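Numbering (the numbering used here), first residue to last: 11 to 399.
Just so it is clear, CB atoms sit at the ideal spot from N, CA and C, and this is done for glycine as well.
All figures in this text were calculated on a predicted structure; none of them were measured in a lab.
The structure appears below as structure tokens.
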Ligand SMILES: Cc1ncc(COP(=O)(O)O)c(C=O)c1O
């Protein structure tokens, strides 16, 4: 009896307000590269996907799928164990090598997901004696990593160099190891970080810098190689995911050989997990080849996104944020945001409402992501829908 009561106590979950309970939805792929169909919608209605991070549509590229299939026949469906036991395959080594050359970094280490890679990064670069100075809008995985590292976490105002310098000046006086943590393209805001200026400040204050390039790789920087590509020596470590513009899955950390060796030897998140599936590594490698060959894809996507932003702005009806392919139409009120999501669905668009705690209170929004294949006709239809909302 006593034991049961104790169990009940332990099972107390956080109370979630009714209007914030999210429903898990399942989709079939639609006929077009950019369409989806809700599994539970009995009709055959297809929605135009304005929320996936598969910016180049590579997750459905036949060539890439075939490559992944052929490697699966040779190297197995799953890796069967961690990299340290018997899970390392030639495709892992090859992808790590090609990514390190592409990124201009000494060493790349693959992880099963970006969330895990970011936790590993925070744990590897900091400990209970360290101070992390992080942008206010960093991804949840970095916050979880920071917490589990035991370091002191300090936040600076989003993309605000003056506030960052204030914090650097204050906390470097404590003479503890300091790590600055930023993203190059913020996932919910669509804002680009002034990476070179941040790197310069980090150099002046002699602190380490970590950059999450999850949303920028393939798109920003020279030939889509990200914003850290031409200043590799000024960045301690970058993380990237293969599940967004690469259309595959998995992720990686890139850094110098010494830090990489430290991760290989000590990181639980690297050592005690089943190695990335060979098919995903093979697909990502093929995607990398396509991104390398089609050098203008990133710039093209930025240009298309600019046209979308300009057209939405012309309506003079919404406040819109975002510097490239991630655009946030700020609505503010949570219920109105969900109402707008539902309305857009009726109009044929899947554009998910993002609400607290993912974004700050009062900043609920419809976040749209632009894809390379979206046509002018789709843009016109979307603008008409927004006009009539
Ligand atoms: C900025 C950022 N970092 C890391 C991640 C995690 O990457 P993954 O989806 O590979 O776990 C995401 C994905 O949502 C992200 O947006």
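{"Query": "Cβ distance (whole Å) where residue 374 is taken to contact residue 344 below 8 Å", "Result": "5 Å"}
{"Query": "Alpha helix (DSSP H) segment containing residue 271, residue limits", "Result": "267 to 276"}
{"Query": "For residue 154, the nearest candidate out of 136, 313, 76 (CA to CA)", "Result": "136"}
{"Query": "Ligand 1 heavy atom lying under 6 Å from the CB of residue 193", "Result": "yes"}
{"Query": "Selected residue, minimal CA-CA separation from residue 196, among 333, 124, 357", "Result": "333"}
{"Query": "Proximity test, Cβ basis, 7 Å: residue 302 and chain B", "Result": "Although the question refers to chain B, the structure presented lacks it and comprises just one protein chain."}
{"Query": "Beta-carbon gap between residue 65 and residue 255 smaller than 7 Å", "Result": "yes"}
{"Query": "Length of the line joining the Cα atoms of residue 158 and residue 275", "Result": "18 Å"}
{"Query": "Length of the line joining the Cα atoms of residue 268 and residue 298", "Result": "25 Å"}
{"Query": "Classification of residue 317 by the beta-carbon crowding that lies within 10 angstroms, buried from 16 upward", "Result": "exposed"}
{"Query": "Residue 196 - DSSP class collapsed to helix/strand/coil", "Result": "coil"}
{"Query": "Continuous beta strand (DSSP E) stretch holding residue 144: start and end", "Result": "141 to 145"}
{"Query": "C-alpha distance - residue 204 paired with residue 302, whole-angstrom precision", "Result": "24 Å"}
{"Query": "Distance, residue 362 Cα to residue 182 Cα", "Result": "41 Å"}
{"Query": "Straight-line gap, residue 272 to residue 134 (C-alpha atoms, nearest Å)", "Result": "8 Å"}
{"Query": "Spatial distance of residue 95 from residue 285 (CA atoms)", "Result": "10 Å"}
{"Query": "Unbroken alpha helix (DSSP H) run spanning residue 400, endpoints", "Result": "Shown here, the chain extends from 11 to 399; a query on residue 400 therefore has no answer."}
{"Query": "Residue burial classification, residue 113 (beta-carbon count within 10 angstroms, cutoff 16)", "Result": "buried"}
{"Query": "Coil, strand or helix - residue 379 by DSSP", "Result": "strand"}
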